[in-house]
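For reference, the structure is listed below as structure tokens.
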Amino acid sequence: AQTVTQSQPEMSVQEAETVTLSCTYDTSENNYYLFWYKQPPSRQMILVIRQEAYKQQNATENRFSVNFQKAAKSFSLKISDSQLGDTAMYFCALGSAGKSTFGDGTTLTVKP
Amino acid sequence: DGGITQSPKYLFRKEGQNVTLSCEQNLNHDAMYWYRQDPGQGLRLIYYSQIVNDFQKGDIAEGYSVSREKKESFPLTVTSAQKNPTAFYLCASSIGTGPLFGNQPQHFGDGTRLSIL
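Below, the structure is given as structure tokens:
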């Protein structure tokens, strides 16, 4: 069985500041992928960033970057220069052959 | 534009009634999924399908049924056996089957909110 744990149910950050969302996981697979998804109040879930487990280099997409610590099974998301539009629920997910598991989510509020 | 269409956006179910939620995709994706989301909670997998005419139970399949007669369509039926159906239901799809299944990002629809009358 594989699990994904997001230990921060809610977080807030001031506009233009940086925030880090935590995610830990457990899997017995050697080949897997990790994802962060964003679900804004309008409800459509979209992909934020993806990391392949066999790549040591941390993935980056504009203001979004991850800190992937494979030995510690940790996959945190850093949002730089936070914007009001970043207010959403963020889900960490683990995908491996035949299985896809989501965490319970972190609700992020960006304050003006 | 390609995407996933879920309908209806809102649905009400009477006691003892079966209801069907529609999910259509024009992304030519092989895999499709149904998730249930309760307020303040994460996504729980109900059913998934990697190819036409084949589907697998997820973590909370009891009280639900699906079919996959066409690649583009993956309807979910909430049966009267599901005693607590009130939730937000999300359909998703992704490319890749077999060893690639689970490794590809998922594309989501806008969801259907189901309530009991």
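From first to last, the protein sequence lines stand for chains S and U.
Mind the numbering: the first sequence is residues 1 to 112 in our numbering, read in order.
Mind the numbering: the second sequence is residues 1001 to 1117 in our numbering, read in order.
Every residue, glycine too, gets a C-beta built ideally from N, C-alpha and C.
Contact check, residue i vs residue j, beta carbons under 8 Å
i	j	result
Leu-94 (chain S)	Tyr-25 (chain S)	yes
Glu-15 (chain S)	Ser-82 (chain S)	yes
Thr-106 (chain S)	Gln-8 (chain S)	yes
Gly-1102 (chain U)	Ser-96 (chain S)	yes
Thr-1020 (chain U)	Thr-1077 (chain U)	yes
Gln-51 (chain S)	Phe-64 (chain S)	no
Leu-1027 (chain U)	Phe-102 (chain S)	no
Phe-1088 (chain U)	Gln-1050 (chain U)	no
Gly-1096 (chain U)	Asp-1030 (chain U)	yes
Tyr-1064 (chain U)	Leu-1045 (chain U)	no
Asn-1053 (chain U)	Glu-1069 (chain U)	yes
Tyr-37 (chain S)	Phe-91 (chain S)	yes
Leu-1114 (chain U)	Pro-1085 (chain U)	yes
Per-residue DSSP class, three states only, for residue i
i	result
Gly-95 (chain S)	strand
Asp-86 (chain S)	helix
Glu-10 (chain S)	strand
Arg-1068 (chain U)	coil
Val-1052 (chain U)	coil
Gln-1082 (chain U)	coil
Lys-1009 (chain U)	coil
Asp-26 (chain S)	strand
Gln-80 (chain S)	Position check: residue 80 (chain S) holds Ser in this sequence, whereas Gln was assumed. Three-state result, Ser-80 (chain S): coil.
Lys-70 (chain S)	coil
Gly-1027 (chain U)	Sequence check: residue 1027 (chain U) is Leu here, not Gly. It is coil, neither helix nor strand.
Phe-1074 (chain U)	coil
Lys-1014 (chain U)	coil
Thr-18 (chain S)	coil
Gln-2 (chain S)	coil
Arg-1036 (chain U)	strand
Ala-1087 (chain U)	strand
Ile-1116 (chain U)	strand
Ala-1092 (chain U)	strand
Ile-1060 (chain U)	coil
Arg-1044 (chain U)	strand
Buried or exposed by the 16-neighbour rule on C-beta atoms within 10 Å, applied to residue i
i	result
Leu-1117 (chain U)	exposed
Leu-108 (chain S)	buried
Leu-84 (chain S)	exposed
Tyr-1010 (chain U)	exposed
Phe-1012 (chain U)	exposed
Ile-49 (chain S)	buried
Ser-1094 (chain U)	buried
Pro-112 (chain S)	exposed
Asp-124 (chain S)	Residue 124 (chain S) lies beyond the stretch modelled for chain S, which goes from 1 to 112, so this question has no answer here.
Gly-1016 (chain U)	exposed
Thr-12 (chain S)	The residue asked about is misnamed: residue 12 (chain S) is Ser in this sequence, not Thr. It is exposed - the Cβ of Ser-12 (chain S) has fewer than 16 other Cβ atoms within 10 Å.
Gln-955 (chain U)	There is simply no residue 955 (chain U) to check, as chain U begins at 1001 and stops at 1117 in what is shown.
Ile-46 (chain S)	exposed
To test your reading of the DSSP string, which unbroken beta strand (DSSP E) runs of 3 or more residues are found completely within the region 30-60 of chain S? 32-39 and 46-52
Contact set between the region 25-38 of chain S and chain U, restricted to residues whose Cβ is under 7 Å from the partner:
Tyr-33 and Phe-35
Q. Which residues, taken in chain order from the region 65-98 of chain S, show a beta carbon closer than 7 Å to some beta carbon of chain U?
A. Phe-91, Gly-95, Ser-96, Ala-97 and Gly-98
Selection of the region 35-59 of chain S by Cβ proximity to chain U, strictly under 9 Å: Phe-35, Tyr-37, Gln-39, Ser-42, Arg-43, Gln-44, Met-45, Ile-46, Leu-47, Arg-50 and Glu-52
Tell me which residues of the region 1016-1030 of chain U have at least one Cβ-Cβ distance to chain S shorter than 7 Å, keeping chain order.
none
To be precise: take each residue of the region 1033-1055 of chain U, compare its Cβ to all Cβ atoms of chain S, and keep it if any distance is under 9 Å. Which residues remain?
Tyr-1033, Tyr-1035, Gln-1037, Gly-1040, Gln-1041, Gly-1042, Leu-1043, Arg-1044, Leu-1045, Tyr-1048 and Gln-1050
At a CB distance below 7 Å, what residues from the region 4-17 of chain S approach chain U? Give them in sequence order.
none
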